[in-house]
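Enquirer: Mapping of the sequence shown onto numbering that gives the first Met the number 0: position 7 corresponds to residue 6, and the numbering continues sequentially without gaps.
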Amino acid sequence: MVLCVSNIFWTPGGISEDGQPIEPHPELELTDGWYRLRAQVDTAMVRATARGTIRVGRKIGFAGAKVRVCIFLPEYDGGQQGYVTI
């Protein structure tokens, strides 16, 4: 499957309750031009996003992704976002 990166969201970093640092982590918004999905990425994709290899407008080809919660309701603008783990 090939999808285009339409947005990149970075979770805020900080300190956890036990004092461990929390690194900022990207979450990609991917689109086929009509629908959009959020993608939770693995460590290799985190590094590629941080380096700028993966950026808005870039197309990503992947296989073996796992889909979590994919419900689209026409009453709402886009309905509930689906999540893909790549």
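The beta-carbon is built from N, C-alpha and C at its ideal position, and this holds for glycine as well. Nothing here was measured: the structure is a model prediction, and the numbers come from that model.
Tell me the DSSP secondary structure of residue 42 in three-state form.
Expert: Helix.
Enquirer: Please report the straight-line C-alpha distance between residue 74 and residue 47, rounded to a whole angstrom.
Expert: Because the pLDDT at residue 74 is just 47, under 50, the model does not fix this residue reliably, and the value given afterwards should be weighed accordingly. If I take the Cα positions, the gap works out to 36 Å.
Enquirer: Kindly list the residues whose CB is nearer than 6 Å to the CB of residue 8, restricted to its own chain and excluding five residues on each side of it in sequence; keep chain order.
Expert: Cβ within range, chain order: 26.
Enquirer: Just to confirm before moving on: does the CB-CB distance between residue 59 and residue 1 stay below 8 Å?
Expert: Yes, they are a contact pair.
Enquirer: Could you name the residues of the same chain whose beta carbon sits closer than 6 Å to that of residue 55, not counting the 5 residues immediately before and after it, in chain order?
Expert: For residue 55, where only same-chain residues beyond five positions count, the Cβ hits under 6 Å are 4.
Enquirer: With DSSP collapsed to three states, give me the class of residue 35.
Expert: It is a strand residue.
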